[in-house]
Amino acid sequence: MSRDRRRERGATVWLTGRRDATHADGPSDRPRDHTETAAIAAHAIAVHSQPGTTVCDPNCGNGSVVVEAVRLRRHAVGIAADPDAWRAARAALNAAKAHGAPGDGTVLDRQPDRWTWTGLGPVDLILTVIGPVADGDGVDGPRADRLSTRIGGYRDLAGPRTLLVVIATYQLDGGLDLASRIVAAGRAAGWRPVQRVVALTAAFHTPPSDTWPPAPDRAWPAHRDVIIFGDDAQAGHPRPPRPFPSRPAPAADSPVGPAIRVAV
Amino acid sequence: MTSDFDRDDHAPDSGGRPATVWPCPPATLDREPTGWLQAAMERLVALHTHPGDPVLLLTPPPLTGPDPHRHAGNDDPADDWIWAVARLGRPARVWTPPASPLPSASESGSGPALGPEADRAALVVTVVAPTRLDWIAHVPWSRLLAPGGTLAVITRSDSIAGWLIDPTHDLTDATGRHGLALLDRFVLLEVPIDQLDRTPAPLPRGAAARRVHSDLLLFTGLRSERR
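Line order of the protein sequences matches chains Y and W. Here the first sequence stands for residues 1337 to 1600, numbered as in my numbering. Here the second sequence stands for residues 6 to 232, numbered as in my numbering.
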């Protein structure tokens, strides 16, 4: 039997979980777990930027992304319009610097426009967290518009080589998962969705055998989705390949063809 | 080879909630590798059906032309599915929908061929390639499922030529027209955890990460559709 121990570098699953999944005691639908966010942000920064480049979180909350960026020797820019969030992010940044974080950082109280932005140079990576979002008005309603407006606003910070990475809470409502809605909103806002990866929020161990218990209830979130966007204006990516699209649905009461019974 | 699923007599409503991530079982010295897809199938069947419940395996219709994005491998796993379902004591059927739209019931005059509601499946499972979505709108999804049944779609998103190709929207649209709603989304790891690197390394600009997971989308009838 082959024992392939080849490591999967640059894989679509990130081992960012710290809680032991086997001891998870039920739902982890917390609004925002800062430890989880920090681990995922650190991974995203390491994968999608280089030391010395600029990382910006345009909705930086308590500053998890900013802190991880300066720890990893990046220039960090956080934006927090809410005064309490601004103070919290500033305090977190100061604490990180006091503990020897090598990068430089700043927290702004509003997003600069293209004409007033004279900060740390072009932003190389926009990294932010979205979710959970409030329930209410469906996939195509005002909420989708707000999401698109928010992600579209990030384009004012972007240069021709800027990557946008969005960490999305696992959330299903309105008939779609939040990550898929973010993909659609980003595309509508002119970003080019490039890839969708998974960041684990629990530490899984290789199961010894098929010993999972039966459990039909809704799942407890053990991951977050991470969506990577590029700038749509980049050359060489004129439009998405889509060779076999789905077509309009037939009548719902269409008959079903004969089934072949193969095993009973 | 046997697994604990062979001894499955659990009621589906017992036990704790599953995590949204399903690790890939490893090959061991005393156990042949089953592969992530067969393991996912076994787990699906054990979680969402009782012994004796009918399971319908839906395979895509054959292409009339070449698919430039087709990958060799797990797009045609029916043989493995049948074995996995049958050995868990569930009657398994395979159905391949036509590539073109079916005639409506009134046009056919023969009525539904799947028979009465009792013959509908408690679990319908299919694999949908992200570059092959032409057939999903032709499937009368709700007619395949027993009331309260579950549709499981194993799919994946790909990054092709710098673009994300994600079938989720098309799938929710196609099933939503037949009264099904997305209930859960799971991550199926295709490699054992210990083959993933814990230290992140910079990805070259323009490169896509190597895909090591698939997605499992679970759909069920909207409450108003249940009888």
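Cβ coordinates follow ideal geometry from the N, Cα and C atoms, glycine included. None of these values were measured; they are calculated from a predicted model.
- Out of 158(W), 30(W) and 197(W), the CA that lies nearest to the CA of residue 133(W) is found in 158(W).
- At least one CB of chain Y lies nearer than 8 angstroms to the CB of residue 171(W).
- Within a 10 Å sphere around the beta-carbon of residue 210(W) sit fewer than 16 other beta-carbons, which makes this residue exposed.
- Under the three-state reduction of DSSP output, residue 1428(Y) falls in the helix class.
- Cβ contact annotation for residue 1354(Y) (same chain, cutoff 7 angstroms, sequence separation greater than five): 1371, 1375 and 1539, in chain order.
- In its chain, beyond the 5 residues on either side, 195 and 196 have a beta carbon closer than 6 angstroms to the beta carbon of residue 217(W).
- Rounded to whole angstroms, residue 1414(Y) and residue 1394(Y) show a C-alpha spacing of 6 angstroms.
- Taken atom to atom, the span from the alpha-carbon of residue 1411(Y) to that of residue 1496(Y) is near 18 angstroms.
- For residue 1382(Y), the chain W residues whose C-beta falls within less than 8 angstroms of its own C-beta are 205, 206 and 207, listed in chain order.
- Not one beta carbon of chain W lies nearer than 8 angstroms to the beta carbon of residue 1491(Y).
- The beta carbon of residue 186(W) sits closer than 6 angstroms to the beta carbons of 227 from its chain, once the five residues preceding and following it are set aside; these are given in chain order.
- Put simply, of 1500(Y), 1468(Y), 1401(Y) and 1346(Y) the residue whose alpha carbon is nearest the alpha carbon of residue 1508(Y) is 1468(Y).
- Inter-residue distance for residue 1433(Y) and residue 1400(Y) is about 13 angstroms (C-alpha atoms, whole angstroms).
- For residue 1566(Y), the neighbours in chain W by C-beta distance under 8 angstroms run, in chain order, 167.
- C-alpha of residue 219(W) to C-alpha of residue 1558(Y): approximately 15 angstroms in a straight line.
- Taking 8 angstroms as the CB threshold, residue 28(W) lines the interface with chain Y.
- Minimum Cα-Cα distance from residue 1441(Y) among the listed residues 1458(Y), 1465(Y) and 1409(Y) corresponds to 1409(Y).
- Assignment of residue 183(W) by DSSP, reduced to helix, strand and coil, places it in the coil class.
- Under DSSP, residue 1565(Y) shares a beta bridge with 1500(Y) and 1529(Y).
- Taking residue 1444(Y) as the centre and dropping the five residues before and after it, the same chain places the C-beta of 1415 closer than 6 angstroms to its C-beta, in chain order.
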